[in-house]
Amino acid sequence: MKRGFTSGNHLEAAEGAGKRLKTRSTGRNWSEEDLPRKRNDEYTVGWICAIVTEYVAAQAVLDELHGRPEGVSPASQSDFTLGRIGEHNVVIASLPFGEYGTASAATVANDMSHNFPNIRFRLMVGIGGGAPNNKHDIRLGDVVVSAPCNGHSGVMQYDFGKTVQGQPFQPTRYLDQPPMVLRTAMSGLAAQYEHRGHRIEDAVAEILQDSPRLQEKYSRPYESSDRLYSSTCVHPLTVVPIRLVIHYGLVASSNQLMKDAIVRDHLSSQYDILCFEMEAGGLMNQFPCLVIRGICDYSDSHKNKAWQGYAAMTAAAYAEALIKRVSPPNSSAGQGTHNTSLSTQLQATQDRSYTFSSEERCQLLKSLRFDQIDARQMTIKKAHVKTCQWLLQRPEYLDWLDPAKFQEHHGFLWIKGKPGTGKSTLMKFALRNAQRKRGGKIIIHFFFNARGEDLEKSTVGMYRSLLSQLLERIPSLLDTLEVPGSIARSGEDHHWNTEILTDLLEQAIQNLEGFNVLCFIDALDECEEDHVRDMIRFFETVGESITAGTFRVCFSSRHYPHITISKGLGLVLESQEGHTQDITSYIDSELMIGREALATHLRTELREKAGGIFMWVVLVVGILNKEYDSGRVKDLRKRLQEIPEDLHELFRNILTRDS
Numbered sequence: 001m002k003r004g005f006t007s008g009n010h011l012e013a014a015e016g017a018g019k020r021l022k023t024r025s026t027g028r029n030w031s032e033e034d035l036p037r038k039r040n041d042e043y044t045v046g047w048i049c050a051i052v053t054e055y056v057a058a059q060a061v062l063d064e065l066h067g068r069p070e071g072v073s074p075a076s077q078s079d080f081t082l083g084r085i086g087e088h089n090v091v092i093a094s095l096p097f098g099e100y101g102t103a104s105a106a107t108v109a110n111d112m113s114h115n116f117p118n119i120r121f122r123l124m125v126g127i128g129g130g131a132p133n134n135k136h137d138i139r140l141g142d143v144v145v146s147a148p149c150n151g152h153s154g155v156m157q158y159d160f161g162k163t164v165q166g167q168p169f170q171p172t173r174y175l176d177q178p179p180m181v182l183r184t185a186m187s188g189l190a191a192q193y194e195h196r197g198h199r200i201e202d203a204v205a206e207i208l209q210d211s212p213r214l215q216e217k218y219s220r221p222y223e224s225s226d227r228l229y230s231s232t233c234v235h236p237l238t239v240v241p242i243r244l245v246i247h248y249g250l251v252a253s254s255n256q257l258m259k260d261a262i263v264r265d266h267l268s269s270q271y272d273i274l275c276f277e278m279e280a281g282g283l284m285n286q287f288p289c290l291v292i293r294g295i296c297d298y299s300d301s302h303k304n305k306a307w308q309g310y311a312a313m314t315a316a317a318y319a320e321a322l323i324k325r326v327s328p329p330n331s332s333a334g335q336g337t338h339n340t341s342l343s344t345q346l347q348a349t350q351d352r353s354y355t356f357s358s359e360e361r362c363q364l365l366k367s368l369r370f371d372q373i374d375a376r377q378m379t380i381k382k383a384h385v386k387t388c389q390w391l392l393q394r395p396e397y398l399d400w401l402d403p404a405k406f407q408e409h410h411g412f413l414w415i416k417g418k419p420g421t422g423k424s425t426l427m428k429f430a431l432r433n434a435q436r437k438r439g440g441k442i443i444i445h446f447f448f449n450a451r452g453e454d455l456e457k458s459t460v461g462m463y464r465s466l467l468s469q470l471l472e473r474i475p476s477l478l479d480t481l482e483v484p485g486s487i488a489r490s491g492e493d494h495h496w497n498t499e500i501l502t503d504l505l506e507q508a509i510q511n512l513e514g515f516n517v518l519c520f521i522d523a524l525d526e527c528e529e530d531h532v533r534d535m536i537r538f539f540e541t542v543g544e545s546i547t548a549g550t551f552r553v554c555f556s557s558r559h560y561p562h563i564t565i566s567k568g569l570g571l572v573l574e575s576q577e578g579h580t581q582d583i584t585s586y587i588d589s590e591l592m593i594g595r596e597a598l599a600t601h602l603r604t605e606l607r608e609k610a611g612g613i614f615m616w617v618v619l620v621v622g623i624l625n626k627e628y629d630s631g632r633v634k635d636l637r638k639r640l641q642e643i644p645e646d647l648h649e650l651f652r653n654i655l656t657r658d659s
């Protein structure tokens with residue numbers, strides 16, 4: 001499946017829909033002003049593409065093209081095309097030009113959720129590489145649909161796994177199933193096709209007849225170009241007659257393009273894989289979706305660009321038929337809890353909750369925020385170059401991130417360390433790393449500050465901060481909360497208390513369907529112990545009530561308060577080999593006392609005397625550098641021996657000297 005680039009733009013894609021678009025039925029050239037417009041919250045179907053060829057095919061199957069979206073977040077990195085298929089309003093988005101893989105797909109899905117809050121389900125539609133075998137005669141132009149089978153959800157991420165000598169490859173990341181509404185529609189469509197046959201080829205032909213400019217690239221190529229090669233042979237095995245088959249089964253996803261026929265055949269035979277692709281693995285756990293792939297090559301070194309256009313079109317035609325099979329959001333059929341839009345859920349709880357106007361939404365969010373809400377985190381210096389990287393490879397950290405391990409730890413990771421070991425620096429590093437590589441996750445945080453204002457060192461301030469971050473990043477959550485109207489009307493003057501905040505935060509976390517949140521909370525020891533105990537119990541209750549691993553929290557603190565949690569992972573900072581190596585790296589790069597034997601001995605003595613206290617090392621390195629620059633080289637060892645090992649004593653020593 002070669003991810004090639006194509007020339008094309010939104011105008012080409014819109015015209016590619018031809019006479020299917022009602023906006024062009026007048027026969028005159030249409031403009032943006034001619035297109036119907038709808039509110040962002042009226043769109044209920046998300047459609048994600050990876051490349052321009054797929055984007056064009058997706059727009060070509062629209063029954064109606066809509067105007068550009070309004071009010072898209074400035075932080076959004078995605079391009080959206082809006083339209084209608086049947087009775088469903090659809091958002092189509094494509095990955096940024098030149099970007100592929102699971103992380104980019106997750107970013108686009110996250111942008112879609114932020115800007116279109118009532119998306120009911122998502123489709124990942126485009127081209128893929130087939131994995132034909134004696135059981136599945138998969139050919140170019142066929143369509144593969146991800147379907148749960150053989151104990152798998154329908155998508156397997158095959159670059160997350162391990163190899164044990166003498167045993168088959170074992171995947172270590174398991175992905176969620178497609179939403180029930182899509183599996184139900186897929187079942188109905190499969191029965192319909194088995195009974196009466198499908199019209200995928202007819203649908204593609206109709207689109208191309210209406211759109212002559214698309215015919216050269218998106219028509220079915222000559223059959224002589226459909227050649228399946230043996231894993232070890234460069235000669236074509238067969239040339240098949242025209243027929244298009246829809247296959248249901250396992251799709252394999254990875255961040256790397258599958259180009260090795262031997263590896264393809266090995267994985268295919270082991271797991272009964274039908275198709276290889278590069279994006280779906282980034283979506284399934286955060287944004288459960290159905291994957292639809294038109295086969296454009298055979299996942300080997302013999303890539304076939306000639307089939308990309310037609311394969312993209314057959315996948316889009318199947319997706320169109322599937323969407324039309326789903327009951328529209330306003331119909332009485334199929335509106336179970338999981339299939340109802342968030343706005344509909346809000347109407348169902350009208351007697352217990354409050355409908356917010358836009359102004360009241362803004363006031364509510366504004367009332368949650370406070371001065372210095374992020375002051376402590378902003379004042380923490382970033383990690384020294386090449387330090388803290390070890391955390392990302394620790395089994396505890398990896399298990400914390402792994403959805404399959406959620407029931408073992410209920411989403412808790414607690415990092416503890418002595419004063420001055422660098423806990424806050426490590427937490428800021430982890431936070432920044434998660435934000436940079438978010439992969440569709442929502443990242444929130446709070447850093448307690450004992451020297452700050454009351455809200456900076458209280459759980460009330462923490463709850464307000466976390467809740468405001470969640471509601472700002474996922475605006476649709478506000479419609480799911482049972483918020484008394486008095487809170488909204490009181491605006492900025494509302495006095496938030498722990499009871500209301502924990503109730504709202506718990507509701508928000510329990511309504512995170514389709515989202516995955518990582519929460520970092522630093523310096524628990526800088527908050528009143530009784531309040532911290534209550535806070536831990538709150539998060540334990542939340543962790544026990546959710547099963548999908550949608551919310552995880554990482555704490556850091558000194559070795560107190562002493563609070564036992566029923567399930568969770570833990571790290572002691574000063575006991576970590578990586579932390580010790582960080583101190584060594586810092587001393588080697590920052591202690592400027594030459595490279596003689598004495599300097600080497602001093603570095604060793606300094607590291608041993610540090611006891612894992614990074615702040616102590618930073619202060620002592622500064623003292624020794626100053627001594628060295630003053631020409632007192634011979635006194636360096638004596639000066640090091642005079643420095644107290646206790647961090648508080650060292651602070652007192654420094655203050656006494658300065659005064």
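The opening position of the sequence shown corresponds to residue 1 in full-length UniProt numbering, with each subsequent residue numbered one higher.
Where is the CB? At the ideal position from N, CA and C, for every residue including glycine.
Quick caveat: nothing in here was measured; it's all calculated off a predicted structure.
Asked, Found
"Return the residue from the list Leu-250, Thr-550, His-559 that minimises the CA-CA distance to Gly-440.", "Thr-550"
"Quick check for students: name the residue ranges of the beta strand (DSSP E) that lie wholly in the segment 357-445, counting only runs of 3 or more.", "412-416"
"Does DSSP classify Trp-307 as helix, strand or coil?", "helix"
"To the nearest angstrom, how far is it from the Cα of His-410 to the Cα of Phe-520?", "15 angstroms"
"Skipping 5 residues on each side, what residues in its chain have a beta carbon closer than 7 angstroms to that of Ala-185?", "Leu-322, Arg-325, Val-326"
"Closer than 8 angstroms is the cut-off here; do at least three beta carbon pairs connect the segment 387-399 with the segment 572-582?", "yes"
"From what residue to what residue does the alpha helix (DSSP H) around Ile-587 run?", "577-590"
"Any idea what DSSP makes of Ala-190, helix, strand or coil?", "helix"
"Between the Cα of Glu-64 and the Cα atoms of Arg-369, Gly-83, Met-427, which residue gives the shortest distance?", "Gly-83"
"Does the segment 414-428 touch the segment 497-509, meaning 3 or more C-beta pairs lie closer than 8 angstroms?", "no"
"Is it true that the CB of Ala-523 sits closer than 8 angstroms to the CB of Phe-406?", "no"
"Note the first and the last residue of the continuous alpha helix (DSSP H) segment covering Gln-601.", "Here the sequence assigns His to residue 601, which means Gln is not the residue at that position. Where His-601 is concerned, the enclosing alpha helix (DSSP H) stretches over 597-610."
"Is Gly-294 buried or exposed, if buried means 16 or more other CB atoms sit within 10 Å of its CB?", "buried"
"With contact counted as at least three CB pairs below 8 angstroms, one residue from each stretch, are the segment 307-323 and the segment 70-79 in contact?", "no"
"Taking a contact to mean a Cβ-Cβ separation below 8 angstroms, would you say Ile-207 touches Val-61 in this structure?", "yes"
"Below 8 angstroms between beta carbons: does that hold for Asn-110 and Tyr-43?", "no"
"Since Trp-496 contacts Arg-464 with CB under 8 angstroms, what's their CB separation in whole angstroms?", "6 angstroms"
"Go to Ala-93, then tell me how far its beta strand (DSSP E) extends in each direction, as first and last residue.", "88-94"
"Starting from the C-beta of residue 666, find all residues in its chain whose C-beta is less than 7 angstroms away, skip the five residues before and the five after it, and write them out in chain order.", "Because the chain is modelled from 1 through 659, residue 666 falls outside the range shown and cannot be assessed."
"So Lys-381 packs on Thr-425, CB below 8 angstroms; how close in whole Å?", "7 angstroms"
"With H, G and I counted as helix, E and B as strand and the rest as coil, what does DSSP make of Gly-126?", "strand"
"Where do the ends of the beta strand (DSSP E) carrying Tyr-248 lie?", "246-253"
"In terms of residue numbering, what span does the beta strand (DSSP E) encompassing Leu-274 cover?", "273-277"
"Where does the unbroken beta strand (DSSP E) through Thr-81 begin, and where does it stop?", "79-85"
"For the beta strand (DSSP E) holding Ser-468, just list the boundary residues, first then last.", "From DSSP, Ser-468 is part of no beta strand (DSSP E) but of the alpha helix (DSSP H) over 459-473."
"Look at the Cβ atom of Leu-478, then the Cβ atom of Leu-467, and state whether they are nearer than 8 angstroms.", "no"
"Give the single residue among Arg-361, Val-532, Val-542 whose Cα lies nearest to the Cα of Ser-556.", "Val-532"
"Pick helix, strand or coil for Phe-116, following the three-state DSSP scheme.", "coil"
"Please classify Phe-97 as buried or exposed, where buried requires at least 16 other C-beta atoms within 10 Å of its C-beta.", "exposed"
"Mapping DSSP to helix, strand and coil, what is Glu-642?", "helix"
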